[in-house]
Structures are given as structure tokens and as C-alpha cells.
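Residue numbers (our numbering): 15 to 160.
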């Protein structure tokens, strides 16, 4: 169960995701949150970054994922050690049918690859305390990582 503050942040991420240009049909926004304060917001983008290259799980998914974008942006405001007390929150939106104008939550589980690749491995590498993301059924998944 999310707190009221977490629900408010997820609602903000929903609006950010809706306004995001889709990448391979995905509209995803993420936030780094420390003590209920948003440190940074990231989005999927059709560009790359050396850190995405480092953690990318395959050559077809090398565009900048929202999780990597928010981690990179957050490092402009906090020290990497501050991520030990941080949550990363991820929201994906999608339309239930092609011509529908309504946006619903989609599965935003961070990608996982082999050999320490993928966004979930980057989240673990940077020492985040918890991850929260939207699911296809409209609920939220909250996991304490350590």
C-alpha cells in the first residue's frame, strides 16, 4: 500500500508519462525520491548515454530508459551515496485500445538482463532502498531492496 505522498508522486509521474514522446510505444516516467521529496524526474528518450550503454540489456534496448535518465539526472543534485536512502518510482501509461483517448497504468517493472545488465541491475548497483512501479492491473508494486 502506498502512502498519500507516494500516490501523489505517482499521479505526477502519470501526467509526465502522458506528455512523454513514446519510445517503441512506451510512455514511461520515473522519479528519484528521498524523504518524500522528488530529486529528479526522468523519461524514456530516443537517445542514449554511456551509462545506458553500460547497463543496457541488449542492443535493441539501448535508448535511454526512464530509470537510467532519472538516476543520471539525480546525480546532478545529490551524491551517489544519497541513493542508499532513496526510492525510485516508475510509471508507465498506455491506452486500453488503439483509438481510446483514456490513459491507464501499464507494467513499469524495470527490465532485467543477464550479467548485471538492465535497469533493475542499475537500480541495485546504485544502492536504492526501494522500487515502486505501476502494474497492468492498475495497482502499484512496492519492494524494499535492502
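Positions of the beta carbon are idealized from the N, C-alpha and C atoms, including for glycine.
Its chain contains 54, 56 as the residues whose beta carbon lies nearer than 6 Å to that of residue 87, once the 5 sequence neighbours on both sides are disregarded; these appear in chain order.
Three or more Cβ pairs drawn from the segment 113-122 and the segment 142-154 lie within less than 8 Å of each other, which places the two stretches in contact. With distances taken between CA atoms, residue 71 lies nearest to 134 out of 32, 39, 134, 111.
Within the same chain, Cβ atoms closer than 8 Å to the Cβ of residue 159 are found at 137, 138, 142, 143, 144, 145, the five residues on either side in sequence being excluded. Going by DSSP, residue 105 is part of the beta strand (DSSP E) stretching over 100-108. Relative to the Cα of residue 148, the nearest Cα in the group 105, 49, 99 belongs to 105.
For the pair residue 107 and residue 33, the Cα-to-Cα distance works out to about 10 Å. For the set 157, 43, 25, 19, the Cα lying nearest the Cα of residue 79 is the one of 43. Runs of beta strand (DSSP E) with 3 or more residues, each lying fully within the segment 15-69, are found at 41-48, 51-57, listed in chain order. Secondary structure of residue 147 (DSSP, three-state): strand. Taken through DSSP and simplified to helix, strand or coil, residue 89 comes out as coil. 81 is the residue among 96, 73, 81 whose C-alpha sits nearest the C-alpha of residue 59.
At the C-beta level, residue 48 and residue 103 stay beyond 9 Å of one another.
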